[in-house]
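Novice: Each residue of the sequence shown is one higher than the one before, counting from 1 in our numbering.
One structure follows; several queries about it will come next.
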Amino acid sequence: MTEQETYESFLKDFEKIINTDSASENLDGVVEVAAFLKEKFEALGLEAEVTREGERGVPCLKACTPSKNGRYDFMFIGHMDTVFPKGEVAKRPFKIEDGRALGPGTNDMKGGLLVALYAIEKLKAEGNLDKVAICVAFNGDEEVGSENSRAWIEKTAENCDRVFVFEPCRPNYRHVMHRKGGGAVYITASGISAHSGANPERGANALVELAGHIPAIHALNDMDNDITAQCNVIKSGDKFNIIPDHAELTVDVRISTKEEADFVTEFFNKLPDTNYVEGASIKITGGVDRPPMEYTEKTMAVWDVLHAEAAKLDIDSAWISTGGCSDGNWTAAMGIPTIDGMGTVGENSHREDEYMELDSILPMIKIVANTCLKIVDGQ
Ligand SMILES: [Zn+2]
1 MTEQETYESF
11 LKDFEKIINT
21 DSASENLDGV
31 VEVAAFLKEK
41 FEALGLEAEV
51 TREGERGVPC
61 LKACTPSKNG
71 RYDFMFIGHM
81 DTVFPKGEVA
91 KRPFKIEDGR
101 ALGPGTNDMK
111 GGLLVALYAI
121 EKLKAEGNLD
131 KVAICVAFNG
141 DEEVGSENSR
151 AWIEKTAENC
161 DRVFVFEPCR
171 PNYRHVMHRK
181 GGGAVYITAS
191 GISAHSGANP
201 ERGANALVEL
211 AGHIPAIHAL
221 NDMDNDITAQ
231 CNVIKSGDKF
241 NIIPDHAELT
251 VDVRISTKEE
261 ADFVTEFFNK
271 LPDTNYVEGA
281 SIKITGGVDR
291 PPMEYTEKTM
301 AVWDVLHAEA
311 AKLDIDSAWI
321 STGGCSDGNW
331 TAAMGIPTID
341 GMGTVGENSH
351 REDEYMELDS
361 ILPMIKIVAN
371 TCLKIVDGQ
């Protein structure tokens, strides 16, 4: 294909998958996107299968070139689900305006799925695909935390030497090398209910017990590191004249390193040791369940090649750290060099004004394909 043909073919495929509603809850829609892409990968000679993973039977697409003794040079990760409900496409279908593609999932991350596909197409067209072993893994529940596909992703990653995640690239070609990890901590307080006017001495106020812990939790934010712990949801009490015997608090916790994760876990485990209201107590559930995406020297080595390949196209790429999680958090925690933000350039994910920059399509395809080739040629 000429560059113009690649561009036009990309847009045709893009319109098709953008105009297929595929919210994480809409399994039929995700299956439709998976089936469309499966055929595309098969046409390039990859062996592809769509399986249903986890309790919910989430559709997951795997497409692989022949391995090198069971191993792959690269794993290409992406997600086929979006945050937008069924009917969103009817409201605002795929559209091109002022050099941008608009529609549900243009930025997060259907553009990235096609960068992965067309980078492989480019390697194949130039006769280089048999040098690079690639395993593509697209899941269908990333936007709801990948609960059903996490094991599938980790199992697939075991055989891969490096991971590219095709979440959107930020404006001005900023990729993602570090993501915070985190989770939700649930604190449940139990006490004793009583009439708050007639017999307050018989009660143990669960809400007051719970509230006593909030300043210490909030103080985690003020320490000289990257920990955030926000007390965001609190529930307690039914009637104004009854001392509540139950109260619940949910804390959104984010951490930047494994050490911080351990520190926060220990902090919450010790929290019940402190007591504010006699007869009341707290219990902790949940915690940091998504590890941070950290980079290593090996990740930096991949980055150096990526950066050099972008420079050949007169693109001065850079990398950033972000608070949001992706499936790259799992693979980085396994010690596999992981670079995210390998998709098309755009902004405003999860919003109606999300967009993808059309002039990033061809450069991103080239950067991905050339980086893969350069790395295997150099090893
Ligand atoms: Zn995403």
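Just so you know, even glycine gets a beta-carbon here, dropped at the ideal spot from N, CA and C.
Treat the numbers as computed from the prediction; the structure is a model and nothing was measured.
Cutting at 8 Å between CB atoms, please list the residues of its own chain near residue 16, excluding the five before and the five after it.
Specialist: Taken in chain order, the residues that qualify are 36.
Novice: Give me, in chain order, the residues of the same chain whose beta-carbon lies closer than 6 Å to that of residue 133; leave out the 5 immediate sequence neighbours on both sides.
Specialist: 65, 67, 68, 72, 73, listed in sequence order.
Novice: Select from 33, 112, 63, 127 the residue whose C-alpha is nearest the C-alpha of residue 349.
Specialist: Closest by alpha carbon: 112.
Novice: May I have all residues whose beta carbon comes closer than 6 Å to any heavy atom of ligand 1, sorted in chain order?
Specialist: Every residue passing the under-6 Å Cβ criterion appears here: 79, 108, 109, 142, 167.
Novice: Where does residue 367 sit, in a helix, a strand or coil, going by DSSP?
Specialist: Helix at residue 367.
Novice: Roughly how far, in whole angstroms, is the beta-carbon of residue 346 from the beta-carbon of residue 6, given that I think they are within contact range, below 8 Å?
Specialist: The pair is not a contact, with the Cβ atoms about 19 Å apart (cut-off 8 Å).
Novice: With a cut-off of 8 Å on the beta carbons, I'd call residue 331 and residue 157 a contact; round off their distance for me.
Specialist: That belief holds up - the Cβ atoms of residue 331 and residue 157 are roughly 5 Å apart, short of 8 Å.
Novice: Just how far apart, CA to CA, sit residue 310 and residue 316?
Specialist: So the alpha carbons of these two residues sit roughly 7 Å apart.
Novice: Indicate the three-state DSSP secondary structure (helix, strand or coil) for residue 195 in the structure shown.
Specialist: Note: residue 195 maps to strand in three-state DSSP.
Novice: Determine the direct distance from the alpha carbon of residue 204 to that of residue 161, and round the result to whole angstroms.
Specialist: Their Cα atoms are separated by approximately 56 Å.
Novice: Relative to the C-alpha of residue 289, which candidate in 29, 145, 53 has its C-alpha closest?
Specialist: Checking every option, the nearest Cα to that of residue 289 belongs to 145.
Novice: Does the beta carbon of residue 134 sit closer than 8 Å to a beta carbon anywhere in chain D?
Specialist: No chain D is present in this structure, which holds just one protein chain.
Novice: Which partner residues of residue 76 appear in the DSSP bridge assignment?
Specialist: Bridge partners of residue 76: 136, 164.
Novice: In terms of DSSP beta bridges, what is residue 15 paired with?
Specialist: Looking at the DSSP assignment, residue 15 forms no beta bridge with any residue, so it has no partner.
Novice: Less than 7 Å between C-beta atoms, sequence neighbours within five positions excluded: which residues of the same chain meet that for residue 70?
Specialist: So the qualifying residues of the chain are 159.
Novice: To the nearest angstrom, how far is the alpha carbon of residue 192 from that of residue 354?
Specialist: Their Cα atoms are separated by approximately 50 Å.
Novice: Need the endpoints of the alpha helix (DSSP H) that residue 300 sits in, please.
Specialist: Start and end: 297 to 311.
Novice: Taking the beta strand (DSSP E) that residue 61 belongs to, which residues open and close that run?
Specialist: Run containing residue 61: 58 to 64, per the beta strand (DSSP E) assignment.
Novice: With three or more beta-carbon pairs closer than 8 Å as the criterion, would you say the stretch 17 to 33 touches the stretch 83 to 95?
Specialist: Yes: the two stretches touch, three or more of their Cβ pairs being nearer than 8 Å.
Novice: Restricting to Cα atoms, I'd like to know which of 34, 215, 32, 103 is closest to residue 357.
Specialist: With distances taken between Cα atoms, residue 357 lies closest to 103.
Novice: Under 6 Å Cβ to Cβ from residue 373, same chain only, skipping five residues before and after it: list those, please.
Specialist: So the list reads 128, once near-sequence residues are dropped.
Novice: Output yes or no for whether 8 Å exceeds the beta carbon distance between residue 167 and residue 340.
Specialist: Yes, Cβ-Cβ distance for residue 167 and residue 340 is below 8 Å.
Novice: Decide if residue 79 is buried, meaning its Cβ has at least 16 other Cβ atoms within 10 Å, or exposed.
Specialist: With 16 or more Cβ atoms within 10 Å of its Cβ, residue 79 is classed as buried.
Novice: The beta strand (DSSP E) that contains residue 55, what's its start and end?
Specialist: Premise fails: residue 55 is in no beta strand (DSSP E) and is neither H nor E.
Novice: Going by Cα to Cα distance, which pick from 141, 43, 240 is closest to residue 28?
Specialist: The option with the nearest alpha carbon to residue 28 is 141.
Novice: Would you report the Cα separation of residue 199 and residue 252, rounded to the nearest angstrom?
Specialist: Spanning the two alpha carbons is a distance of roughly 36 Å.
Novice: Report the three-state DSSP secondary structure of residue 218 (helix, strand or coil).
Specialist: DSSP places residue 218 in helix when its eight states are reduced to three.
Novice: Within 10 angstroms of its Cβ, does residue 171 collect 16 or more other Cβ (buried), or is it exposed?
Specialist: So residue 171 counts as exposed.
Novice: Mapping the DSSP letters down to three states, classify residue 350 as helix, strand or coil.
Specialist: The answer is coil: DSSP assigns residue 350 none of H, G, I, E or B.
Novice: Where does the unbroken alpha helix (DSSP H) through residue 95 begin, and where does it stop?
Specialist: Not the alpha helix (DSSP H): residue 95 falls in the beta strand (DSSP E), residues 95 to 97.
Novice: Rounded to whole angstroms, what is the Cα-Cα separation between residue 351 and residue 201?
Specialist: Going by the C-alpha atoms only, they are around 51 Å apart.
Novice: CB-CB under 8 Å to residue 329, same chain, minus the five flanking residues each way: which ones, in chain order?
Specialist: The residues are 179, 181, 290, 291, 292, 293.
Novice: Where do the ends of the beta strand (DSSP E) carrying residue 286 lie?
Specialist: Segment 281 to 286, the beta strand (DSSP E) holding residue 286.
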